[in-house]
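Below: one structure, written as structure tokens.
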Amino acid sequence: MATTKRDPTEGFFAELAERGDEPLLRKANGTTRFDIVDGKRTTRWLVTLDKGRVAVSRRAVASPDCAIRANKALFDRLASGKENAVAAILRGDLVAEGDWRLLVRMQRLFPGPRKLKRTGTAGYARRRG
Amino acid sequence: MSDGVVKILDGNTFVVSDERGDIEASLTDPTGLFSFDTRFLSKWILTIDGERLGALSVDDLQYFETRFFLVPGTGTVYIDAKISVIRQRSVANGFHEDLTILNHSDKSVTLTVRLDAASDFADLFEVKDALKKKGAYTTTTTGGKLVLGYQRGPFTRATEISSTKSARVDSDGLTFRVRIPSHGEWTTGLDVVTARLGAGQAPRDAVDPVRARQRMARNLDAWLTNAPRIECDWDPLKATYRRSLVDLAALRFSPPIAGGRSLPAAGLPWFMTMFGRDSIFTSLQALPFTPELAATTLRALGDWQGVRLDDFRDEDPGRILHEMRYGEMTAFEERPHSPYYGSVDATPLYVVLLDEYERWTGDRTLVRELEVEARAALNWIDEYADIPGDTGYIWYKRRNEKTGLENQCWKDSWDSISFRDGSLPGFPRATCELQGYAYDARVRGARLARLVWKDDELAVRLEKQAAELKRRFNRDYWVADGEYFALALDSDGRQVDALGSNNGHLLWSGIVDKSKAKAVAKHLLGPRLFSGWGVRTLAEGEARYNPIGYHVGTVWPFDNSFVAWGLRRYGFKHEAAEIASGILEAAEFFDGRLPEAFGGYERSQTKYPVQYPTACSPQAWSTGTPLLLLRTMLGLEPQGDHLVVDPALSRGIGHLELLDIPGRWGRVDAFGRGRVEVGTRHR
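Have a look at this one:
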């Protein structure tokens, strides 16, 4: 089957926009600006969390609650679970500033190295509605 | 302090020096200025006219501040010094030191005062394991400052050294030419400031040392004032209680995500970081005294709860972390602590703490806030902890076989889990206390589901699971010919049949059938387990028993505090009082500061408890032990909005009052009188 290989970073934000409600992020509210640097070009994404609802846009915001800056190659690896965000922050590869509690929540959005067969709270998630 | 080592700290920034205030570290010698798991200063040596100084005395002012009195020359028997030196040091974004030289002669003196400084920027793990550095060092001397730097790729760390009096700065330190009139003095302030770059952290400024000291002093005062007060006929208990409160204050650690609030770190100074197990156990012990520690522990561990499947970090969705570190080896993934999840008890204990916290404080807001986390923790027990997949038990087997932990229960040494004949089981292992914690987590989770989350369906399901687990456990783990519970099941489902203190944790969890409790209590206070001071980790007579073996015969104060709680839970008041009395009497030999562990020798044989050598003192859960023992002796138990008091304490303690116990009842007092006769067993 011929598929065009999707850009991991683009894919990450596209998938995020489709998520809608994310129980793991219900406590985190605020805006996070991602600056993805690719050579001379910087692509900017804005992720807004509101009681677990995720919204993604390309809007420019002057003072977000968090700001994350990384080069494109690193972000591609983060977006595909090949890199760990916390280690990258400690190393200084990923520059993160702002509300630490929100940052710790935000790093949950990155996938892990192995695919999850089961969802985090399968049998224990509260039924909605 | 012991070993001629002086420690001061504020959170995870600490200084370890010799009695002169000097730091002269080698890769393996654990002295220096440390912050965020990195050594920022490995050399800090004061000389006057090229000569080292000798210590007259050390004043431990507070845990964050100390003062060294020195004179020139070392090793002299008779001191006739014309000058003396005072170094007063406090922790503040690194440390601040006021160096004062007094001239006692009637002539003026001219001196060359020199501070040699260097840093190896070692990661704590490198200090422990003596590993070599991979990055490059830099040194700059500009604007009267000495800046020591380290870089490995984007990872940079720096130490800035400056003084209030002008100095000649070279790449190895600072030199002052000093003239002091007769009977005069000279002083300079010295600032050593740590900078972590690259992690979104601007280099830190030197904070005003006076204000930093005042802030820490006020904070300690408030901490002591807010805690319940004790009155007691037996003075050593009062001293031990105060020691525990001050040490617990020193052990507070404020992770960057906690908004200035703090949780108990595991041990001072090497374990000043978040540990799932240690922070939870210590929060449980301290609940009747300082419930805010539990709230911060629950929030911070909840923030870091696992969400991914990551073999390197032994992470699963819902799992509570084991240990968090910030150093270079963690950053470069040479160690998995970003954070590392290799513990299997922290997750059920998380739910236990949440429930116990609500029972004491009535704070349902937090229980609502952490509903998702608690549900994910309960789900982890079902979905991820049962490694064979069909047993209904919690097992452990590390997935990170290189740098992960082999034993993921509290007895985490290689030989702690053994058969009677000394042979060791393979992996995975299902140690018994884990099943108790899982049982308790479900029972308590059901209570919270019904009371706060308003989810009866979940409550019913958890209760059913708990009842089934209890039934199976009492069948599968019961060693019939010994009348106790096996240490573990091995991968073939065989009982790992040695007798250990884990039985006491089972009483605490409530998983033990009533009909079996008496036999278990008899073992805990029997000659094979009870030394006269406390319950041994492993019973005398087992092949691996060794009274000075880490988890195979020593007595752990923390372990005993939970054993005592367990005995009370099943109504064995006198037995609990006996253990409390033994451990608190042992504390007296350590000036109120219980070590992590002490020898399992018969009390009548040694007459005093033999300390097991460990690197960390105070240790958080040893510090919390006297607090939990006070609770068990007074029989403090929340019931609805009231605190029930049902004292049972040894005669030697006499009259005991604990005043202003905080909780959902506001503040109440508890009284008890010692009536229990103890010490008939082993003296």
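Protein chains in written order, with this note's numbering: chain A, 57 to 185; chain B, 984 to 1666. Ideal placement from N, C-alpha and C gives every residue a C-beta, glycine not left out.
When 994/B, 1658/B and 1629/B are compared, the shortest CA-CA separation from residue 1202/B is found for 994/B. One Cα belongs to residue 1178/B, the other to residue 1105/B, and the distance between them is close to 14 Å. With a threshold of 8 Å between beta carbons, residue 79/A makes contact with chain B. Assigned with DSSP and collapsed to three states, residue 1354/B falls in helix.
Judged by pairs of C-beta atoms under 8 Å, the segment 1272-1281 of chain B does not touch the segment 1312-1324 of chain B, as fewer than three such pairs exist. Comparing alpha-carbon positions, the option among 1606/B, 1632/B and 1644/B lying closest to residue 1621/B turns out to be 1644/B. Identification of chain A residues near residue 1309/B by a Cβ-Cβ cut-off of 7 Å yields 146, ordered along the chain. Straight through space, the alpha carbons of residue 1215/B and residue 119/A are spaced by roughly 57 Å. Its Cα nearest to that of residue 1613/B, the residue 1562/B stands out among 1407/B, 1588/B and 1562/B.
Closer than 8 Å to the CB of residue 169/A there is at least one CB belonging to chain B. Listed in chain order, the alpha helix (DSSP H) elements of length 4 or more contained wholly in the segment 1256-1288 of chain B are 1259-1269 and 1275-1286. Distance check between residue 999/B and each of 1073/B, 1146/B, 1243/B and 1064/B places 1073/B closest, using alpha-carbon atoms only. Take residue 1387/B, set aside five residues on each side of it, and the residues of its chain with a beta-carbon closer than 6 Å to its own are 1297, 1325 and 1381, in chain order. In the DSSP annotation of this structure, residue 1587/B is not part of any beta strand (DSSP E); the continuous alpha helix (DSSP H) holding it starts and ends at 1586-1589. If you look at residue 1431/B, you'll find it in the alpha helix (DSSP H) that goes 1415-1431. In this structure, residue 1441/B keeps its C-beta atom at 8 Å or more from the C-beta atom of residue 1425/B.
Distances from the alpha-carbon of residue 1199/B to those of 992/B, 1572/B, 1573/B and 1508/B put 992/B closest. Residue contact check for residue 160/A against chain B: a CB pair falls below 8 Å. When 1242/B, 1353/B and 1660/B are compared, the shortest CA-CA separation from residue 1435/B is found for 1353/B. Our two residues, residue 1464/B and residue 1560/B, have alpha carbons roughly 28 Å apart in a direct line. Think of a sphere of 8 Å around the beta carbon of residue 1286/B: the chain A residues whose beta carbon falls inside it are 157, 160 and 161, in chain order.
For residue 1324/B, no beta strand (DSSP E) run applies, since DSSP gives it neither H nor E. Between residue 1595/B and residue 1582/B, the gap from beta carbon to beta carbon is short of 8 Å. Under the Cβ criterion of 8 Å, residue 106/A is not counted among the residues facing chain B.
Within chain A, the residues 147, 148 and 149 have their CB atoms less than 8 Å from the CB of residue 1137/B, given in chain order. Setting aside the 5 residues that flank it on each side, residue 1597/B is surrounded in the same chain by 1579, each with a C-beta closer than 6 Å to its C-beta; the list follows chain order. Note on residue 1217/B: 16 or more other CB atoms within 10 angstroms of its CB, so buried under the neighbour-count rule.
Listed in chain order, the non-local C-beta contacts of residue 1146/B below 8 Å within the same chain comprise 1127, 1157, 1159, 1171, 1172, 1173 and 1174, local neighbours out to five positions each way being set aside. At least 8 Å separates the beta-carbon of residue 1405/B from that of residue 1522/B. Considering only beta carbons, no part of the segment 1537-1555 of chain B lies closer than 8 Å to chain A.
Against chain B, the beta carbon of residue 70/A has no neighbour under 8 Å; the closest one sits roughly 20 Å away. The beta-carbon of residue 73/A is placed no less than 8 Å from the nearest beta-carbon of chain B. What residue 116/A touches in chain B, judged by beta-carbon distance under 9 Å, is nothing: the nearest beta carbon there is about 20 Å away.
The secondary-structure analysis by DSSP pairs residue 1625/B across a beta bridge with 1622/B. Residue contact with chain B for residue 142/A: present (Cβ-Cβ distance below 8 Å to some residue of chain B).
Using a Cβ-Cβ distance cut-off of 8 Å, the segment 1445-1460 of chain B and the segment 1361-1376 of chain B are in contact, since at least three pairs of beta carbons, one from each stretch, lie closer than that value.
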